[in-house]
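First to last, the protein sequences are chains A and B. If you count the first sequence from 1, position 132 lands on 132 in UniProt numbering, and the numbers rise without skipping. If you count the second sequence from 1, position 84 lands on 84 in UniProt numbering, and the numbers rise without skipping. Just so it is clear, CB atoms sit at the ideal spot from N, CA and C, and this is done for glycine as well. The structure presented is a predicted model; accordingly, all values stated were derived computationally and were not measured. The structure appears below as structure tokens.
2 protein chains.
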Amino acid sequence: MPDATAKKKPSRIQRRNRRVILDAALDVFSSYGFRGATLDQIATEAGLSKPNILYYFSGKEEIHTTLLSQLMETWLDPLVELDALGDPRTELLDYVQRKLDMARDLPRESRLFAGEILRGAPHMGPRLQSDLKPLFDEKCAVIAAWMDAGKIARMDPRHLIFSIWSTTQHYADFAPQVALLLEGDAEQHQQASDHLRLMFSTLLTPAAPEQ
Amino acid sequence: MPDATAKKKPSRIQRRNRRVILDAALDVFSSYGFRGATLDQIATEAGLSKPNILYYFSGKEEIHTTLLSQLMETWLDPLVELDALGDPRTELLDYVQRKLDMARDLPRESRLFAGEILRGAPHMGPRLQSDLKPLFDEKCAVIAAWMDAGKIARMDPRHLIFSIWSTTQHYADFAPQVALLLEGDAEQHQQASDHLRLMFSTLLTPAAPEQ
DNA sequence: GTAAATTTTTACCATTTGGTAAATCCACGA
DNA sequence: TCGTGGATTTACCAAATGGTAAAAATTTAC
Numbered sequence: 001m002p003d004a005t006a007k008k009k010p011s012r013i014q015r016r017n018r019r020v021i022l023d024a025a026l027d028v029f030s031s032y033g034f035r036g037a038t039l040d041q042i043a044t045e046a047g048l049s050k051p052n053i054l055y056y057f058s059g060k061e062e063i064h065t066t067l068l069s070q071l072m073e074t075w076l077d078p079l080v081e082l083d084a085l086g087d088p089r090t091e092l093l094d095y096v097q098r099k100l101d102m103a104r105d106l107p108r109e110s111r112l113f114a115g116e117i118l119r120g121a122p123h124m125g126p127r128l129q130s131d132l133k134p135l136f137d138e139k140c141a142v143i144a145a146w147m148d149a150g151k152i153a154r155m156d157p158r159h160l161i162f163s164i165w166s167t168t169q170h171y172a173d174f175a176p177q178v179a180l181l182l183e184g185d186a187e188q189h190q191q192a193s194d195h196l197r198l199m200f201s202t203l204l205t206p207a208a209p210e211q
Numbered sequence: 001m002p003d004a005t006a007k008k009k010p011s012r013i014q015r016r017n018r019r020v021i022l023d024a025a026l027d028v029f030s031s032y033g034f035r036g037a038t039l040d041q042i043a044t045e046a047g048l049s050k051p052n053i054l055y056y057f058s059g060k061e062e063i064h065t066t067l068l069s070q071l072m073e074t075w076l077d078p079l080v081e082l083d084a085l086g087d088p089r090t091e092l093l094d095y096v097q098r099k100l101d102m103a104r105d106l107p108r109e110s111r112l113f114a115g116e117i118l119r120g121a122p123h124m125g126p127r128l129q130s131d132l133k134p135l136f137d138e139k140c141a142v143i144a145a146w147m148d149a150g151k152i153a154r155m156d157p158r159h160l161i162f163s164i165w166s167t168t169q170h171y172a173d174f175a176p177q178v179a180l181l182l183e184g185d186a187e188q189h190q191q192a193s194d195h196l197r198l199m200f201s202t203l204l205t206p207a208a209p210e211q
């Protein structure tokens with residue numbers, strides 16, 4: 001007896017078109033926000049007709065929600081990789097680097113996320129609670145343990161993470177401003193990487209315990 | 001012979017209603033973005049009718065532009081106050097504090113600004129170029145001079161400023177996320193202040209030159 | 001107090017937008 | 001090759017939205 005709720009596995013066309021639509025939607029939503037984006041824009045960008053898009057998704061909101069759901073995993077991944085058993089300094093500095101690389105490689109995703117939080121997370125509140133919160137608490141505990149062991153300087157782990165998030169994502173979310181102020185500088189990413197490495201490296205170094 | 005382009009000074013009613021409209025618009029634009037905001041929302045929030053609002057402003061865009069223009073001055077003020085003649089450490093740490101206080105006291109303004117940049121600064125590009133850029137360059141030179149004099153640790157002043165902007169504004173722009181992750185913590189602002197003071201204090205301290 | 005100017009309301013309008021119904025097209029297995 | 005179910009298009013629609021015209025109400029100047 002087949003499960004009444006079972007979904008048939010999607011056809012090749014289904015998979016391709018859903019992917020195309022989501023990619024177009026990422027472009028449009030990240031550029032104009034949820035309310036600013038229109039189905040016509042997404043349809044044009046995807047090379048499909050509007051009703052055809054609504055054949056694959058029940059509505060504008062479902063596209064947006066699907067995008068945010070998929071994004072969440074990617075977004076949290078760098079933090080997931082933070083290893084309690086690794087060297088504290090290396091782990092944290094590598095985390096900064098991964099987040100910065102993500103800002104460069106996935107700016108659309110960064111802006112989509114930023115826009116959603118900026119508007120009060122109307123479509124993502126529950127997911128933040130269920131996915132982000134436990135992970136955040138867990139990693140804060142790891143960092144706190146490292147501090148207790150004297151491996152890195154003592155501070156509030158939560159605000160340390162906020163500082164890592166904000167400084168790295170700034171390069172994606174405020175890219176037009178950064179580009180204007182750094183005008184023509186081709187080495188942007190390397191500069192940012194060097195700066196953040198210096199900053200967090202200095203910050204994490206525990207005050208010399210000797211003497 | 002009176003100047004044909006001269007504007008009569010606005011009446012009491014004019015001043016009051018323009019102020020009421022801009023305040024309502026700040027609420028709505030900062031919550032929903034330019035495209036997401038509607039004139040009806042602004043009108044309701046302001047307690048006026050939609051056509052009445054259009055008596056004071058030529059359209060939705062003019063309200064938004066006016067808001068951004070007014071905001072720019074407020075926004076740049078903390079940086080303007082950075083005094084080349086003051087003590088470098090104190091000046092920079094005070095700057096961080098002023099920006100953090102602004103994130104707490106003017107979250108709507110912070111979100112309005114963030115949203116505009118996030119969408120590629122469609123209504124603010126020229127102002128960034130004309131107002132922000134020169135100020136930024138000037139203060140970068142000041143900071144560079146401090147570094148040359150060995151008063152603070154050497155680093156890229158431009159990325160230092162980015163780090164100050166991002167870490168402080170994060171508390172306004174990502175407030176829902178911060179609130180969720182810090183849940184119920186009443187001391188948020190003081191914690192953030194302490195953390196950022198520690199962070200930038202450590203960062204700016206020049207490596208001991210002796211030995 | 002009254003006329004002129006300013007302010008506000010009422011009644012609209014054209015366009016855009018998210019979404020639907022139904023007809024048509026087309027890929028694919030028998 | 002033909003029929004069937006999935007995929008796509010055409011032709012719509014109702015609501016929302018930015019904006020306007022002109023009448024009505026109110027304030028201001030004399």
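What three-state label does DSSP hand residue i in the structure shown?
| i | result |
| --- | --- |
| B:S193 | helix |
| B:H64 | helix |
| A:P122 | coil |
| B:L180 | helix |
| B:I143 | helix |
| A:S49 | coil |
| B:S58 | coil |
| A:L128 | helix |
| B:T38 | coil |
| B:A6 | Low local confidence applies: a pLDDT of 39 at B:A6 is under 50, so the model's placement there is unreliable, and no value is given. |
| residue 215 of chain A | Lying before the first or after the last residue shown, residue 215 of chain A is absent from chain A, which here runs from 1 to 211. |
| A:K151 | coil |
| B:P206 | coil |
| B:A186 | coil |
| B:L82 | coil |
| A:F162 | helix |
| B:F29 | helix |
| A:L112 | helix |
| B:F174 | coil |
| A:D156 | coil |
| B:L135 | helix |
| A:L100 | helix |
| B:L93 | helix |
| B:L71 | helix |
| A:L106 | coil |
Should residue i be labelled buried (16 or more other beta-carbon atoms within 10 Å of its own) or exposed?
| i | result |
| --- | --- |
| B:I13 | exposed |
| A:R19 | exposed |
| B:E210 | Low per-residue confidence applies at B:E210: pLDDT is 42, beneath 50, and the placement is therefore not dependable enough to give any value. |
| B:Y55 | exposed |
| A:P78 | buried |
| B:G36 | buried |
| A:H170 | buried |
| A:A25 | buried |
| A:A43 | buried |
Relative to the alpha-carbon of residue i, which residue among the options has its alpha-carbon at the smallest distance?
| i | options | result |
| --- | --- | --- |
| B:A46 | B:D148, B:R35, B:R16, B:V96 | B:R16 |
| A:E109 | A:S69, A:Q41, A:N52 | A:S69 |
| residue 217 of chain B | B:S31, B:I164, B:E138, B:P88 | Lying outside 1 to 211, the shown extent of chain B, residue 217 of chain B is not represented and no answer is given. |
| A:A121 | B:Y32, B:L22, B:V28, B:L26 | B:Y32 |
| A:D173 | A:A103, A:L39, A:D156, A:E187 | A:A103 |
| B:I161 | B:P107, B:L76, B:H189 | B:L76 |
| A:E187 | B:Q169, B:L132, B:D156, B:F200 | B:D156 |
| A:S58 | A:L39, A:L132, A:Q97 | A:L39 |
| B:A114 | A:Q177, A:D185, A:K60 | A:Q177 |
| A:K151 | A:R111, A:T90, A:E183 | A:T90 |
| A:R98 | A:E183, A:L26, A:T167, A:D185 | A:T167 |
| B:S201 | B:P88, B:V80, B:F34, B:T44 | B:P88 |
| A:E183 | B:W146, B:M147, B:K133, B:D185 | B:K133 |
| B:C140 | B:P51, B:K60, B:A179, B:V80 | B:V80 |
| A:E61 | A:N52, A:W146, A:F29, A:T44 | A:F29 |
How many whole angstroms separate the CB atoms of residue i and residue j, which I take to be in contact at a CB cut-off of 8 Å?
| i | j | result |
| --- | --- | --- |
| A:F136 | B:L181 | 5 Å |
| A:H195 | B:H159 | 4 Å |
| B:L204 | B:L100 | About 16 Å; that fails the 8 Å criterion. |
| A:A153 | A:A207 | 7 Å |
| A:L82 | A:Y95 | 5 Å |
| B:M72 | B:D131 | 6 Å |
| B:I21 | B:I63 | 7 Å |
| A:P107 | A:A175 | 6 Å |
| B:L67 | B:L112 | 7 Å |
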